[in-house]
Amino acid sequence: MKKTSIFLLTILVFPFWMGCASVGKDFDSKKVKNIENNVTTQLEILEWFGVPFKEGTENGYTMWTYQIDKWKMGEVESKGLVILFDDKNKVKAYRYESNY
Numbered sequence: 575m576k577k578t579s580i581f582l583l584t585i586l587v588f589p590f591w592m593g594c595a596s597v598g599k600d601f602d603s604k605k606v607k608n609i610e611n612n613v614t615t616q617l618e619i620l621e622w623f624g625v626p627f628k629e630g631t632e633n634g635y636t637m638w639t640y641q642i643d644k645w646k647m648g649e650v651e652s653k654g655l656v657i658l659f660d661d662k663n664k665v666k667a668y669r670y671e672s673n674y
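Note that the working numbering numbers the sequence shown so that position 19 is 593, with each residue one more than the last.
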């Protein structure tokens, strides 16, 4: 009887325990529309979105990534913003994607 109770409790609790998780750092996606190539500065991006989740380089240019992935009861919500800066610290190019 005790083993059955523990087994049933495990089956009921485990999905809720594993049901929610997130990776990354959320950011205000409403401000993405303000980004302009060759105009918006790195400082403005920092003010609007905060410290990036990841930093790197591509072909010698600085690249910042803002990303959040959330798992809720089997569904995944993701949004990401990748920004490439030129040698004058202005936005050279960017890409925004979201499934919510």
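Each residue gets a CB set at the ideal place from its N, CA and C atoms; glycine is no exception.
Problem set entry | Distance CB(Val665)-CB(Glu610) smaller than 8 Å | Their beta carbons are under 8 Å apart, which means Val665 touches Glu610 by this criterion.
Exercise. Excluding the five sequence neighbours on either side, which residues of its own chain have a C-beta within less than 7 Å of the C-beta of Cys594, listed in chain order?
Worked result: Setting aside the 5 residues that flank it on each side, Cys594 is surrounded in the same chain by Trp645, Lys646, each with a C-beta closer than 7 Å to its C-beta; the list follows chain order.
Exercise. If you draw a straight line from the C-alpha of Leu655 to the C-alpha of Glu618, how long is it?
Worked result: Distance from the CA of Leu655 to the CA of Glu618, rounded to the nearest whole angstrom, comes to 15 Å.
Exercise. Ends of the alpha helix (DSSP H) at Phe623?
Worked result: That run of the alpha helix (DSSP H) goes 616 to 623.
For this session: Spatial neighbours of Asn663 within its chain, please: CB distance less than 7 Å, with the 5 preceding and 5 following residues excluded, ordered by chain position.
Result: Excluding sequence positions up to five before and after Asn663, its CB lies within less than 7 Å of the CB of Thr615, Gln616, all in the same chain and listed in chain order.
For this session: State the start and end residues of the unbroken beta strand (DSSP E) segment that holds Ser672.
Result: Element bounds for Ser672: 665 to 672.
Problem set entry | Start-to-end residues for the beta strand (DSSP E) that takes in Met637 | 635 to 646 is the span of the beta strand (DSSP E), which, as asked, contains Met637.
For this session: From the DSSP output, in three-state form, read off Val606 for me.
Result: Helix, per DSSP.
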